[in-house]
Amino acid sequence: MRLTKSEEKILAGSMGEIYASAYRVLLAIGQATEAEKLVPIEWAHVSGVNYNTIGDAGVDFLQEVSKEVRFKVRTTINPMGFDRTKPVTLSKNFLSKQMQIVESYRRMGAIQSFSCTPYEIFNLPKRGTPVSFAESSAAVFSNSFLGLMTNKESALSALASAITGKSPYSDLRIEESRSPRVAIKHGGVAINTETDYGLLGYIAGKIAKDSCIAFSDLKSEMEMMPAKAISSGLGTSGSCGMFTTGSKQAGDSVAIDDEEMTRAKDELSTDEDGDLILFGSPQLGLSELTYLHDLIAGRKFDKRCIIFCSRYVHDQARKIGLAAKVESSGAEFMCDSCMCLSPLITRDNTDSIITNSVKGAYYMKNSNRVGVALKDMKTIVGTYS
Amino acid sequence: MNKIKCICIVKGFAKGEALISNTPINFLTMIDAENGEIKDLNHYLYGKTLKDKIFVFPYSVGSSVGAYVLYSLKKKSAGPLAVVCSNKMDITTASGCAISNIPAVYLKHRNIIDALKNSQALVVDGEREQILIYPN
Chain A
54 MRLTKSEEKI
64 LAGSMGEIYA
74 SAYRVLLAIG
84 QATEAEKLVP
94 IEWAHVSGVN
104 YNTIGDAGVD
114 FLQEVSKEVR
124 FKVRTTINPM
134 GFDRTKPVTL
144 SKNFLSKQMQ
154 IVESYRRMGA
164 IQSFSCTPYE
174 IFNLPKRGTP
184 VSFAESSAAV
194 FSNSFLGLMT
204 NKESALSALA
214 SAITGKSPYS
224 DLRIEESRSP
234 RVAIKHGGVA
244 INTETDYGLL
254 GYIAGKIAKD
264 SCIAFSDLKS
274 EMEMMPAKAI
284 SSGLGTSGSC
294 GMFTTGSKQA
304 GDSVAIDDEE
314 MTRAKDELST
324 DEDGDLILFG
334 SPQLGLSELT
344 YLHDLIAGRK
354 FDKRCIIFCS
364 RYVHDQARKI
374 GLAAKVESSG
384 AEFMCDSCMC
394 LSPLITRDNT
404 DSIITNSVKG
414 AYYMKNSNRV
424 GVALKDMKTI
434 VGTYS
Chain B
3 MNKIKCICIV
13 KGFAKGEALI
23 SNTPINFLTM
33 IDAENGEIKD
43 LNHYLYGKTL
53 KDKIFVFPYS
63 VGSSVGAYVL
73 YSLKKKSAGP
83 LAVVCSNKMD
93 ITTASGCAIS
103 NIPAVYLKHR
113 NIIDALKNSQ
123 ALVVDGEREQ
133 ILIYPN
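Chains A and B, in that order, give the protein sequences. Note that this note's numbering has the first sequence beginning at 54, numbered continuously upward. Note that this note's numbering has the second sequence beginning at 3, numbered continuously upward.
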């Protein structure tokens, strides 16, 4: 990858060690993706906000970086560990470490979004705009449905892009790379619920070797809820950052059958039942909240039910009366945070959870180490209300 | 001794034993950021550690936060001496190694490393873009 003279100087340390490190990261990911140069980006979305995900090394690292750095482009950040407006039962250590992280991002100029669905909240740049999104589900969604151009960035590469305002011109930031060479055909497998879409994405992520894959048996138009579910499933299991739908694509194809769907579900769904219902991963938007409200139809949940939401979506739902209606089912909102690696749910306080999210199931099982009953939202509401 | 070509992403030189995963790695869920142990119960290397090994795996998948796991391992002196991606160098691995100064290389043709065995002695030479494989 060729750097300009001024980029070379910063890499050599003209602006200090932190800016040099940022360029070292860009150089490494640029070479890994065979970029020829860096290009300006308009938006960075950074992950690594929840203390449970980055630990003490991350806390100290961000504190050091924030002493010198101000973000160069619009920068939004992923969920943190808890809801800022609710009384929390977490340890003093978690609270203070979490708030140090929040303070570091604030100092660098991040928008306090605490969301894994920034595309549902902020004004969108026009199609074809280069951005740098770390949250895997948001990267896949934004490439596949919004025409934004990002590679599947890491927490540190998106941070480097937020600091410098640049990303490598490579892979999914080049139009020609955004055509899939391999198509997933699910043929006769019934894909109906959001959980089916999540599982399809999860299976495809394991198959995909390239950065872009086709679902040639899916209709081109997709509603928000399945679109978010398939994006997050794909982001969870693979390194693939984009997909297309519709039958136009040529090239090789890989068939998926019912047996594979069952195997994926059995891998993630360890339990028949659970103590606690969790909706999130990704955080719910107005479309999912509306669907949930319609399903509940005045009934009450007979188990505790937590809805992870961005504060923006929650406030909007509050304004139009939707939040209160959903709450009358006994469900509670948890803003600023999300299901994955949530410190609120541990083996000490929960045996198993019930969720419709494939991504949520994966992280609850593998990181939080609790049992998981994976069921779609309609079945959950039907069974537990 | 066999010599194979590689492409260097983060420069450096390392000599040590290979730890080989034939399946992709999600650093956030599979690796213990405190001590470098493989904590995924379903992984056949469960309980083995990356610490002071040359970690060979196809590429990383899943969480974007995996880059911080590599950084945490380095800070706790529990990280690998070098990483070798046998299929492609993904962004999470590249960025995590770049910030942590862990030498990182990848291979364009995975079959040349299929014959490699766990605990085999390797030299990763980033400058010369080559890996030396010593007989067991």
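Beta carbons are placed, not taken as given, at the ideal position from N, Cα and C, and that holds for glycine.
Asked: Beta-carbon gap between Cys-224(B) and Val-125(B) smaller than 7 angstroms; Found: One cannot answer for residue 224(B) here, as it falls past the ends of chain B, which runs 3 to 138.
Asked: Beta-carbon proximity check, Ser-88(B) vs Pro-60(B), cutoff 7 angstroms; Found: yes
Asked: Start-to-end residues for the alpha helix (DSSP H) that takes in Ala-100(B); Found: 93–102
Asked: Within 7 angstroms, strictly: CB atoms of Ile-330(A) and Cys-362(A); Found: no
Asked: 9 angstroms Cβ cut-off: residues of chain A touching Gly-68(B); Found: Ser-207, Ala-208
Asked: Test item: CB-CB of Gly-128(B) and Lys-13(B) under 7 angstroms; Found: yes
Asked: Simplified DSSP assignment, three categories, for Lys-167(A); Found: Strictly speaking, residue 167(A) in this sequence is Phe, with Lys absent from that position. Three-state DSSP puts Phe-167(A) in coil, outside helix and strand.
Asked: Listed by chain order, chain B residues near Gln-151(A) by CB distance under 9 angstroms; Found: Residues of chain B passing the Cβ test: none, with the nearest at roughly 15 angstroms.
Asked: Cut-off 7 angstroms between Cβ atoms - residues of its own chain near Gln-84(A), not counting five sequence neighbours on either side; Found: Met-54
Asked: Ser-62(B) (DSSP reduced to helix, strand or coil); Found: strand
Asked: Own chain residues within Cβ distance below 8 angstroms of Val-36(A), not counting five before or after; Found: With chain A running from 54 to 438 in the structure shown, residue 36(A) is simply not present.
Asked: Arg-400(A) in three-state terms, based on DSSP; Found: coil
Asked: One or two residues paired with Val-4(B) in a DSSP bridge; Found: One point to set straight first is that residue 4(B) is Asn, not Val, in the sequence displayed. Beta-bridge pairing links Asn-4(B) to Ile-135(B).
Asked: Top-ranked residue by Cα proximity to Asn-196(A), from Ile-266(A), Asp-249(A), Lys-139(A); Found: Ile-266(A)
Asked: Rounded C-alpha distance that separates Ala-308(A) from Lys-53(B); Found: 39 angstroms
Asked: The segment 95–110 of chain A contacting the segment 182–189 of chain A, beta-carbon criterion three pairs below 8 angstroms; Found: yes
Asked: Tyr-61(B): contacting residues in chain A (beta-carbon distance under 7 angstroms); Found: Ser-292
Asked: Short Cβ contact (7 angstroms threshold) for Pro-221(A) with Ala-88(A); Found: yes
Asked: Stretch pair the segment 387–394 of chain A + the segment 329–343 of chain A: three plus CB contacts closer than 8 angstroms; Found: yes
Asked: Where the beta strand (DSSP E) through Glu-385(A) begins and ends; Found: 385–388
Asked: Assigned exposure category for Tyr-46(B) - 16 Cβ within 10 Å defines buried; Found: exposed
Asked: Listed by chain order, chain B residues near Phe-114(A) by CB distance under 7 angstroms; Found: Tyr-73
Asked: Three-state class that DSSP yields for Pro-279(A) in the structure shown; Found: helix
Asked: Alpha-carbon to alpha-carbon, His-111(B) and Tyr-136(B); Found: 19 angstroms
Asked: Within chain A, the residues that Gln-98(B) reaches when beta carbons sit closer than 8 angstroms; Found: It should be pointed out that residue 98(B) corresponds to Gly in this sequence rather than to Gln. Within chain A, the residues near Gly-98(B) are Ser-207, Leu-209.
Asked: Thr-203(A), buried or exposed, once every other Cβ within 10 Å from all chains shown has been counted against 16; Found: buried
Asked: Pairwise C-alpha distance: Glu-325(A) and Lys-318(A); Found: 12 angstroms
Asked: Span separating the alpha-carbon of Lys-353(A) from that of Ile-373(A); Found: 21 angstroms
Asked: Cβ neighbour criterion (16 or more within 10 Å) applied to Met-3(B); Found: exposed
Asked: Where Thr-289(A) meets chain B, residues with beta-carbon distance less than 9 angstroms; Found: Asn-28, Val-63, Gly-64, Ser-65
Asked: Ile-360(A) versus Thr-323(A), Arg-316(A), Met-314(A), Gly-413(A), residue with shortest Cα-Cα distance; Found: Gly-413(A)
Asked: Neighbourhood of Arg-127(A) by C-beta distance below 6 angstroms, restricted to the same chain and skipping five residues each side; Found: Trp-96
Asked: Span separating the alpha-carbon of Ser-230(A) from that of Met-295(A); Found: 10 angstroms
Asked: CA-to-CA distance, Arg-316(A) to Cys-10(B), given in whole angstroms; Found: 38 angstroms
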